[in-house]
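Visitor: If you read the sequence shown in this note's numbering, its first letter stands for residue 166, the second for the next number, and so on. All C-beta atoms in this analysis are idealised placements derived from N, C-alpha and C, irrespective of residue type, glycine included.
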Amino acid sequence: MENLWLYLQSLPKSNKKWLSEKLQEDLHSEKTEYISKEEVLAGIDAGLKDVVAGRTRPAEEFLEELRHGL
């Protein structure tokens with residue numbers, strides 16, 4: 166990382182400005198990930214099959230896990 170920093174410091178101001186703008190664009194660009202209709206339907210189907218098979222748990226348990234980051 167030190168070598169990279171030294172290299173960046175050695176760049177002309179115009180190159181630093183260009184690089185800065187590109188990095189800002191990357192930070193602010195919204196990365197949207199799409200899934201297909203088939204993937205959505207497969208997920209719903211799997212969830213319904215879990216319910217029918219009795220593979221469920223109380224919502225409170227799930228929410229507690231979310232709160233504690235498990």
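In three-state DSSP terms, what is residue 182?
Guide: Within the sequence shown, residue 182 is the residue found at index 17, counting from 1. In the structure shown, residue 182 sits in a helix (DSSP, three-state: H, G or I).
Visitor: Starting from the Cα of residue 224, find the closest Cα among 218, 192 and 232 and give me that residue.
Guide: For this step, residue 224 is matched to residue 59 along the sequence shown. Cα-wise, what sits closest to residue 224 is 232.
Visitor: So what does DSSP say about residue 196, is it helix, strand or coil?
Guide: Stepping through the sequence shown from its first residue, residue 196 is reached at position 31. Residue 196 falls in the coil class under three-state DSSP.
Visitor: Quick one: what does DSSP say residue 208 is sitting in, helix, strand or coil?
Guide: To locate residue 208, count along the sequence shown from 1; it is residue 43. If DSSP states are grouped into helix, strand and coil, residue 208 belongs with the helices.
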